[in-house]
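J.:
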Amino acid sequence: MLLASRRIRGYNPVNDLLNGEGVVAVTVLAFLLVFSIVVFVHELGHFTVAKLSGVRVEEFGFGYPPRLVRVARRGDTDYTINAIPIGGFVRVAGDENPDDPRSLTKKSAWTRAGFLVAGPVMNVVLAVVLFGASYMMGVLQPTVGPGVGIYDVAAGSPAAHAGLQLGDVVLSVDGQPVNSPEALQQMVNAHLDQEIALTVQRNGAQLPQPVRLVPRSEHPADEGAMGVRTGPPLTRAAYPFGQAIILGAERALGTVVMMVGGLAEMVRGQAPLDLAGPIGIAQATGEVIKSGFVQLVEWTAFLSVNLFIINLLPIPALDGGRLVFVALELVRGGRRVDPQKEGLVHLVGIVVLLGLFLIVSYFDVLRLVRGMQFPGP
3 MLLASRRIRG
13 YNPVNDLLNG
23 EGVVAVTVLA
33 FLLVFSIVVF
43 VHELGHFTVA
53 KLSGVRVEEF
63 GFGYPPRLVR
73 VARRGDTDYT
83 INAIPIGGFV
93 RVAGDENPDD
103 PRSLTKKSAW
113 TRAGFLVAGP
123 VMNVVLAVVL
133 FGASYMMGVL
143 QPTVGPGVGI
153 YDVAAGSPAA
163 HAGLQLGDVV
173 LSVDGQPVNS
183 PEALQQMVNA
193 HLDQEIALTV
203 QRNGAQLPQP
213 VRLVPRSEHP
223 ADEGAMGVRT
233 GPPLTRAAYP
243 FGQAIILGAE
253 RALGTVVMMV
263 GGLAEMVRGQ
273 APLDLAGPIG
283 IAQATGEVIK
293 SGFVQLVEWT
303 AFLSVNLFII
313 NLLPIPALDG
323 GRLVFVALEL
333 VRGGRRVDPQ
343 KEGLVHLVGI
353 VVLLGLFLIV
363 SYFDVLRLVR
373 GMQFPGP
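My numbering applies: residue 3 is where the sequence shown begins, and numbers increase by one.
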């Protein structure tokens, strides 16, 4: 599931290629790639700590069963490719092999805690790497200069149809220079339902032809007449490796703080419970890829942080829920909760999560049918 946050949308010419069946195919492929990377890295964390701790790993699979092929067998571990091409999984010796000295259940509480934490930690590491990579490739940043920057283009809006893109700078409207979002809004509102010509700068160069569009007098409350979000002019800045990694770490930490704060507001009832399941994430991914490759990299990092937070929530069946039982064991001086009772709690957790999954998916479909935007980074 995806925890809601602010929305970032954009438009570029690739939109013209994403129509009908094309948009579905590209969206599905992008979603599978992004989700697989995030989940696979998570499972890689569990796998690595299990191997280092002497836990017997029975299978490390790419995708989910049924199994298609066993690629290799190294020691006690089968490396497999499975039919459902999303993420992966690690199967370790556990409760079904209570007498196996290399079973996870035979290991100390701290070893089991390390195994459980490793997956979420790897998601944070992935987020740092991906955010760092985006800074190396170049990210859009506000700058001082003439014009008004385009920070967001709403799908289906006049701006989107006219071809305005994230990062564009509007220099003038019908030949009149604009140097603030307020001035741009005033000029646009003075020409509602009338065609206007925008002089636009893109990637540091002025477009040879003006961008023509018709601002709408009737529009969604959060989009405006053109369907854009504006601010100071934007420029793309790239950073060297060392600085990019530091900035990536700061961005990952900031994303964690932002999402934890948003979750706390939901719990306190100060913000709407706005979640998205696989359908919503797939649809949001389809929108993100229209903004460019860098935005897709940042979106993947955002989802990785999301998985980090969700998995550490104290919910039975998740890593965080299992950590609660490890903590209880430590508090009780090494006395474990009865495995059957713990297993029952996790089973209830699975049922609850499946129910929540179905509910969230239902609302995903409703939002998709109604043309509403999904949560995004």
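Each residue gets a CB set at the ideal place from its N, CA and C atoms; glycine is no exception.
1. Among residues of its own chain, excluding the 5 on either side of lysine 109, which ones have a beta-carbon nearer than 7 Å to its beta-carbon?
2. Grab me the residues of arginine 253's own chain with a C-beta within less than 6 Å of its C-beta, minus the 5 sequence neighbours each way, in chain order.
3. Taking C-beta to C-beta, are alanine 52 and methionine 139 nearer than 8 Å?
4. Just tell me which of Leu332, Gly345, Val290 has its CA closest to the CA of alanine 157.
5. Assess, as a yes-or-no matter, whether the stretch 348 to 361 is touched by the stretch 117 to 129 under the definition of 3 or more beta carbon pairs within less than 8 Å.
6. Going by beta carbon distance, what residues of the same chain come within less than 8 Å of valine 339, once the five residues before and after it are set aside?
7. Suppose contacts are defined by Cβ-Cβ distances below 8 Å. Is alanine 273 in contact with glycine 279 by that definition?
8. Between which two residues does the alpha helix (DSSP H) carrying glutamine 285 extend?
9. Taking all protein chains shown into account, decide if tryptophan 112 is buried (16 or more other Cβ within 10 angstroms of its Cβ) or exposed.
10. Is the beta carbon of lysine 88 sitting closer than 8 Å to the one on glycine 65?
11. According to the neighbour-count rule (16 or more other Cβ atoms, all chains shown, within 10 Å of its Cβ), is leucine 142 buried or exposed?
12. Let me check understanding here. Comparing Cα to Cα, which of Gly226, Phe49, Val347 lies closest to methionine 124?
13. For the candidate residues Ala120, Ile152, Asn84, whose alpha-carbon lies nearest to that of leucine 46?
14. Return the first residue and the last residue of the beta strand (DSSP E) that aspartate 80 is part of.
15. If you check the beta carbons only, do leucine 173 and isoleucine 152 fall under 8 Å apart?
16. According to the neighbour-count rule (16 or more other Cβ atoms, all chains shown, within 10 Å of its Cβ), is alanine 343 buried or exposed?
17. Given this structure, state the Cα-to-Cα distance separating tyrosine 81 from arginine 104, to the nearest angstrom.
18. Applying the criterion that 16 or more other CB atoms from any shown protein chain within 10 Å of the CB defines a buried residue, is arginine 76 buried or exposed?
19. Quick one, which of Thr145, Pro217, Gln187, Leu370 has its alpha-carbon nearest alanine 162's?
20. Can you name, in chain order, every residue of its own chain whose Cβ lies under 6 Å from the Cβ of valine 101, other than the five neighbours on each side?
21. Excluding five sequence neighbours on each side, which residues of the same chain lie with their C-beta closer than 6 Å to the C-beta of isoleucine 247?
22. In chain order, which continuous runs of the alpha helix (DSSP H) of length 4 or greater are located wholly inside the stretch 184 to 265?
23. From valine 362 to glutamine 285, what distance separates their C-alpha atoms?
24. Assuming contact is defined by CB atoms lying nearer than 8 Å, are methionine 2 and serine 159 in contact in what I supplied?
25. Along the chain, where does the beta strand (DSSP E) containing arginine 76 start, and where does it finish?
26. So what does DSSP say about valine 339, is it helix, strand or coil?
27. In terms of residues, what are the limits of the beta strand (DSSP E) holding isoleucine 152?
28. How is the beta strand (DSSP E) around valine 131 delimited, first residue to last?
29. Can you tell me whether DSSP reads valine 146 as helix, strand or coil?
30. For isoleucine 86, collect the residues of the same chain with a Cβ closer than 7 Å to its Cβ; drop the 5 residues on either side in sequence, then sort them by chain order.
31. Measuring straight from C-alpha to C-alpha, what distance separates valine 296 and methionine 261?
32. Can you name, in chain order, every residue of its own chain whose Cβ lies under 6 Å from the Cβ of alanine 199, other than the five neighbours on each side?
33. Whose C-beta lies closer than 6 Å to the C-beta of proline 234 among residues of the same chain, with five residues either side of it excluded?
34. For a quick check, are the C-beta atoms of valine 180 and glycine 147 less than 8 Å apart?
35. By Cβ distance below 8 Å, which residues in the same chain neighbour leucine 194 in space, the five residues on each side in sequence not counted?
36. With DSSP collapsed to three states, give me the class of serine 174.
T.: Inspection of the coordinates gives the following:
1. Shown here for lysine 109: same chain residues with a beta carbon closer than 7 Å to its own, the five before and five after excluded, namely Ser55, Val57 in chain order.
2. Phe133.
3. At a Cβ-Cβ threshold of 8 Å, alanine 52 and methionine 139 do not count as neighbours.
4. Cα-wise, what sits closest to alanine 157 is Val290.
5. No, the stretch 117 to 129 does not touch the stretch 348 to 361.
6. Taking C-beta separations shorter than 8 Å and ignoring five residues to either side along the sequence, the partners of valine 339 in its chain run Phe327, Leu330, Glu331, following chain order.
7. No, Cβ-Cβ distance for alanine 273 and glycine 279 is not below 8 Å.
8. 280 to 290 is the span of the alpha helix (DSSP H), which, as asked, contains glutamine 285.
9. Note on tryptophan 112: under 16 other CB atoms within 10 angstroms of its CB, so exposed under the neighbour-count rule.
10. In the sequence on display, residue 88 carries isoleucine and not lysine. In this structure, glycine 65 lies closer than 8 Å to isoleucine 88 by Cβ.
11. Taking every protein chain shown into account, the CB of leucine 142 has 16 or more other CB atoms within 10 angstroms, so this residue is buried.
12. Per the Cα distances, Phe49.
13. Relative to the Cα of leucine 46, the nearest Cα in the group Ala120, Ile152, Asn84 belongs to Ala120.
14. 79 to 94 is the extent of the beta strand (DSSP E) around aspartate 80.
15. Contact annotation: leucine 173 and isoleucine 152 have beta-carbon atoms that are not nearer than 8 Å.
16. According to the sequence shown, residue 343 is lysine rather than alanine. Classification for lysine 343: exposed.
17. Their backbone Cα atoms lie some 19 Å apart in a straight line.
18. Arginine 76 is exposed by the Cβ-count criterion.
19. Restricting attention to Thr145, Pro217, Gln187, Leu370, the CA atom closest to the CA of alanine 162 is found in Pro217.
20. According to the sequence provided, residue 101 is aspartate. The question's valine does not apply to it. Within the same chain, aspartate 101 has no close Cβ partners at all.
21. The residues are Gly134.
22. Assignment of alpha helix (DSSP H) within the stretch 184 to 265, counting only whole runs of 4 or more residues, yields no such run.
23. Taking the straight line from one Cα to the other gives about 14 Å.
24. Here the chain comprises residues numbered 3 to 379, so residue 2 is not present and cannot be evaluated.
25. Taken as a continuous stretch (DSSP letters only), the beta strand (DSSP E) holding arginine 76 covers 59 to 76.
26. The answer is coil: DSSP assigns valine 339 none of H, G, I, E or B.
27. Note, isoleucine 152: beta strand (DSSP E), 150 to 155.
28. That residue, valine 131, is in no beta strand (DSSP E); its alpha helix (DSSP H) goes 111 to 139.
29. DSSP places valine 146 in coil when its eight states are reduced to three.
30. Cβ within range, chain order: Gly65, Tyr66.
31. About 21 Å.
32. Hits under 6 Å: Asp176, Pro212, Arg214.
33. Excluding sequence neighbours, proline 234 sits near Pro144, Gly151.
34. Here valine 180 is not near glycine 147, since their CB atoms are 8 Å or more apart.
35. Taken in chain order, the residues that qualify are Pro217, Arg218, Ser219, Ala227.
36. In the structure shown, serine 174 sits in a strand (DSSP, three-state: E or B).
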